[in-house]
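For the sequence shown, position 30 matches number 30 in the UniProt record's numbering, and the numbering has no gaps at all. Glycine residues also receive a C-beta, built at the ideal position from the N, C-alpha and C atoms. First up is the structure itself, then whatever we jot down about it.
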Amino acid sequence: MNNKVIKILIIGIFILGFVLFFAFDLHHLVSFENLKARQASLEKFYAANTFLTIVIYAGAYIIITGLSLPGAAVMTLAGGALFGLPAGTVIVSFASSIGATLAFLAARFLLKDYIQDRFADRLRKINEGIENDGPFYLFTLRLVPVFPFFVINVVMGLTPIKAGMFYIVSQVGMLPGTLVYINAGTQLAQVKTPSGILSPALIASFALLGVFPWIARAFTNVLKKRRVMAKFRKPSRFDYNLVVIGAGSAGLVTSYIAATVKAGVALIEKDKMGGDCLNTGCVPSKSLIRSAKMLSYAKRAKEFGFERARVDFQFSDVMARVENIIKKIAPNDSVERYTQLGVDCISGEAQIISPYEIEVNGKTITTRSIVVATGAGPRIPPIPGLDQVAYLTSDTVWGLRQLPRRLLVVGGGPIGCELSQAFARLGAQVTQVGRAPRIMGREDEDVADFIKAIFTKEGIRVLTGHKTKEIRVDGDRKTLICTRNSDKQDVAVEFDAILLATGRAANTRGMGLEKLGVALNPDGTIKTNKWLQTSIPNMYAAGDVAGPYQFTHVASHQAWYACVNALFGDFKKFKADYRVIPWSTFTDPEVARVGMNETDCLAANIPYEVTRYNIDDLDRAIADAEAHGFVKVLTVPRKDRILGVTIVGAHAGDLIHEFILAMKYNIGLNKILGTIHIYPTLAESGRSAAGAWKRARMPETALGFVERYLAWQRKK
């Protein structure tokens, strides 16, 4: 029997129950007046048929509550009148909980999938709250009789709370109310109306009892915090409200926000202000990529109507340009600027002595809270023989002033791909080696294959599925031996310079975290909770050192939560929001993504539909000689709600923002399609993708009627 038949059967049972209940005037049987009138005869029947009465009563109670019929309150009074306080409480407690759970399960089976699918975006926060605090919510509702019994059963059935937990919490939560009604039933002669049982004072008492779990949890959290902090001496006064360690993106934004709200804040940096992004990451890499792109335009001169184009350059001048761009942007992140903003900038290496004390330059400063924002550094793989060569990383490559003739790039992630293409365009013979089956392992296979084809066309030798084995040095001859995964054969790659781009490791060592016992994740990042709080309550972490996303824009995003929670967490804490995280790999063409891709959906068993729009159809892309790439949109089946978008093409990192906004604020493809986009622009690709989605879902039957109607009009 399939689900559809079962649903029809359950709906039929509910309808039949309601019809019989009112058609046969059964609702009068469970009325307060009927109970008082027949109390004596019921007690006589119970005395003669004790077990049968209990079975009939419990069965009737379960049916009434399971079908969400009126009369549960009167049935409870009857239980008190017939069975007395101890027995009545036990019988009613179990019968009401079983009936409530049946109603809960029926609502879940009949409506949950539809409601969750139809209102998924609106229910996301509610679902998260239920998953985290469902028992507390339910317990509170059960304790406060103002909330209708059957409504709670149905509504909770639409949420992710587990059925077993629902039953247990209901049994415990309804017990005080059950006791009140059963006790009233034992004195039925003195009770004039069911509503008179619950006085305002009694309801208020239940309400206070309902919030008790929340008070208890808050009290428990305070005790946990005190237990952790008890072993540390708390200063009588503090030099700062907040000390930030690390002046990268996360540290700068944290300090900026703290200074804006007039907090006393110190920023400690042992190296350069601006961190990796300014000095060794985003800024220098994008500057180099831009110069390399100009050379690629020269090589494509015929595509733009020129016979030929020639660019004479010195590699050292290109690298000098990169350095100058860093210097031009540096004042935005400088000590001078942040000092003017009200931040005490300290150059030195921080040593965390306690959660309240930090030693820097031989001086101890005190603070109420600490934010660790020390970023990450290049991960160095354990390749035998690596110590025999002067290898490069994404941190040190910017010191080059002579272009390597043969450059070996180890790593197929974003950094490896960006630098491979840039150096190849600048004239190096580049070989890129990665052990994964494809470059850009986070992206779908069609995306990786597209970029690999571009790389191969530009002369980059891409060796995916190759595991590094060892480095051999024979005089001036340097060779990487790697093993091909497919056939276990060794492959030799000679090189003049080797660039390691195998990921980044969090900078957690050397500042005292180990001595304090700050918990780390398996990948080496600092373990934080949803408020970016570490295992030490007044210490927070943000940026690459915390993860889970090592992007500059995510570091800035986390900084707000870390700062506000560190300063004002005693009053209100804010949970870091990772619902819509975008990123871009700045190859040419660029690859930008937000949300899920096909690989993610398949791994999570999430159903989806794919709409693909090829950019070679876009007028502006054709005019710019950038008619390559595609927009791939994943949507909920039969709906325009966006699950994720991948764009491969020129300026993809800019074009993706329309979809980021749409996902953040639950805007579907229909609204994107209905929005005017300037012609001719690359931004039209978003609207064109929405149009492709719409065309694929045109109602053929309705169009048939429209076609016949219009044909009929032409004949009039």
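By DSSP's criteria, Cys482 is part of a beta bridge. Which residues make up the other side? Start at 1 with the first residue of the sequence shown, and residue 482 comes out as number 482. Thr468 and Val491.
To the nearest angstrom, how far is the alpha carbon of Ile353 from that of Glu359? Position 353 of the sequence shown, counting from 1, holds the residue named residue 353. Position 359 of the sequence shown, counting from 1, holds the residue named residue 359. Rounded to whole angstroms, Ile353 to Glu359 spans 7 Å at the Cα level.
DSSP bridge partner residues for Trp583 (one or two, in chain order): For this step, residue 583 is matched to residue 583 along the sequence shown. Arg593.
Tell me the rounded alpha-carbon separation between Leu35 and Glu43. Residue mapping note: residue 35 aligns to position 35 of the sequence shown, counting from 1. Residue mapping note: residue 43 aligns to position 43 of the sequence shown, counting from 1. Roughly 11 Å separates the two Cα atoms.
Quick check on the DSSP output: what are the complete alpha helix (DSSP H) runs of length 4 or more inside the segment 59-142, in order along the chain? 72-107 and 113-118
Is the segment 634-651 in contact with the segment 578-594, if contact means three or more CB pairs nearer than 8 Å? yes
Measuring CB to CB, does Ile460 end up less than 8 Å from Gln432? Position 460 of the sequence shown, counting from 1, holds the residue named residue 460. Position 432 of the sequence shown, counting from 1, holds the residue named residue 432. A contact, by the Cβ cut-off of 8 Å.
C-beta atoms of Val554 and Ala376 nearer than 8 Å: The count along the sequence shown starts at 1 and reaches residue 554 at position 554. The count along the sequence shown starts at 1 and reaches residue 376 at position 376. It is not a contact, given that the beta carbons lie outside the stated cut-off.
Going by C-alpha distance, which of Ser486, Gln550, Ser296 and Glu418 is nearest Ala436? Translated into the one-based positions of the sequence shown, residue 436 becomes position 436. Of Ser486, Gln550, Ser296 and Glu418, the residue nearest in Cα terms is Ser486.
Range covered by the alpha helix (DSSP H) that runs through Pro284: Indexing the sequence shown from 1 puts residue 284 at position 284. Per DSSP, Pro284 belongs to the alpha helix (DSSP H) from Cys282 to Lys299.
Which residues share a DSSP beta bridge with Phe630? As a position in the sequence shown, residue 630 is number 630, starting the count at 1. Paired residues: Asn614 and Val648.
Going by the DSSP bridge assignment, what does Met539 pair with across the sheet? Within the sequence shown, the letter at position 539 stands for residue 539. BP columns for Met539 point to Ile370.
From the DSSP secondary-structure annotation, give me the bridge partner or partners of Pro378. If you number the sequence shown from 1, residue 378 lands on position 378. DSSP, once it has assigned bridges, lists Arg504 as partnering Pro378.
State the Cα-Cα distance for the pair Trp693 and Ser685, rounded to the nearest angstrom. Locating residue 693 in the sequence shown gives position 693, counting from the first residue. Locating residue 685 in the sequence shown gives position 685, counting from the first residue. Going by the C-alpha atoms only, they are around 12 Å apart.
Rounded to a whole number of angstroms, what is the C-alpha to C-alpha distance between Ser287 and Arg321? Taking the first residue of the sequence shown as 1, we reach residue 287 at position 287. Taking the first residue of the sequence shown as 1, we reach residue 321 at position 321. Looking at the two C-alpha atoms, the distance is approximately 8 Å.
Residue environment, Ile268, which counts as buried when at least 16 other CB atoms sit within 10 Å: Numbered from 1 along the sequence shown, position 268 holds the residue referred to as residue 268. Burial call: buried.
Could you tell me which residues DSSP puts in a beta bridge with Glu609? The residue you call residue 609 lines up with position 609 of the sequence shown. In DSSP, Glu609 forms a bridge with Thr635.
Ile381 vs Thr393 beta-carbon contact at 8 Å: In the sequence shown, residue 381 corresponds to position 381, counting from 1. In the sequence shown, residue 393 corresponds to position 393, counting from 1. Here residue 381 is Pro; the residue named in the question, Ile, does not match the sequence. Cβ atoms of Pro381 and Thr393: not closer than 8 Å.
Just tell me which of Phe315, Ala309, Gly547 and Arg308 has its CA closest to the CA of Leu426. Numbered from 1 along the sequence shown, position 426 holds the residue referred to as residue 426. Comparing Cα positions, the closest option is Phe315.
Beta-carbon gap between Val706 and Cys563 smaller than 8 Å: Here residue 706 refers to the residue found at position 706 when the sequence shown is read from its first residue. Here residue 563 refers to the residue found at position 563 when the sequence shown is read from its first residue. Against a cut-off of 8 Å, the Cβ pair of Cys563 and Val706 comes out as no contact.
Should the segment 596-609 be regarded as contacting the segment 624-639, the criterion being three or more beta carbon pairs within less than 8 Å? yes
Considering Cα atoms alone, identify which of Cys345, Glu443 and Gly185 is closest to Leu252. By one-based count along the sequence shown, residue 252 stands at place 252. Taking only the C-alpha atoms, the option nearest Leu252 is Cys345.
Between the beta-carbon of Gly524 and the beta-carbon of Thr508, is there less than 8 Å? For this step, residue 524 is matched to residue 524 along the sequence shown. For this step, residue 508 is matched to residue 508 along the sequence shown. Yes, the pair counts as a contact, with Cβ atoms nearer than the cut-off.
DSSP state of Glu43 mapped onto helix, strand, coil: Counting from one through the sequence shown, the residue named residue 43 turns up at place 43. Helix, per DSSP.
Pop quiz: Val397 and Leu499 are said to be a contact at Cβ under 8 Å. What is the actual Cβ separation, rounded to whole angstroms? Taking the sequence shown and counting its residues from 1, the one referred to as residue 397 is at position 397. Taking the sequence shown and counting its residues from 1, the one referred to as residue 499 is at position 499. Yes, they are in contact, since the Cβ atoms of Val397 and Leu499 sit about 6 Å apart, within 8 Å.
Local Cβ density within 10 Å of Gly88, reported as buried at 16 or more and exposed below that: Numbered from its first residue, the sequence shown carries residue 88 at position 88. So Gly88 ends up on the buried side.
Is DSSP giving Ala566 helix, strand or coil here? Indexing the sequence shown from 1 puts residue 566 at position 566. If DSSP states are grouped into helix, strand and coil, Ala566 belongs with the helices.
In terms of residues, what are the limits of the beta strand (DSSP E) holding Ser240? Taking the sequence shown and counting its residues from 1, the one referred to as residue 240 is at position 240. According to the sequence displayed, residue 240 carries Tyr and not Ser. Note, Tyr240: beta strand (DSSP E), Tyr240 to Ile245.
Would you mind working out which of Phe571, Thr528 and Ser584 sits nearest Gln558, comparing C-alpha positions? Along the sequence shown, one-based indexing puts residue 558 at 558. Ranking Phe571, Thr528 and Ser584 by Cα distance to Gln558 puts Thr528 first.
Contact under 8 Å by Cβ, Ala247 with Met273: The sequence position of residue 247 within the sequence shown is 247, counting from 1. The sequence position of residue 273 within the sequence shown is 273, counting from 1. Yes, they are a contact pair.
Can you grab the Cα-Cα spacing for the pair Gly134 / Leu158, in whole Å? Sequence index remark: in the sequence shown, residue 134 carries index 134 (1-based). Sequence index remark: in the sequence shown, residue 158 carries index 158 (1-based). Looking at the two C-alpha atoms, the distance is approximately 12 Å.
Between Val283 and Ile326, is the Cβ-Cβ spacing less than 8 Å? Locating residue 283 in the sequence shown gives position 283, where the first residue counts as 1. Locating residue 326 in the sequence shown gives position 326, where the first residue counts as 1. It is a contact, given that the beta carbons lie within the stated cut-off.
At least three beta-carbon pairs within less than 8 Å, the segment 569-585 to the segment 647-666: yes
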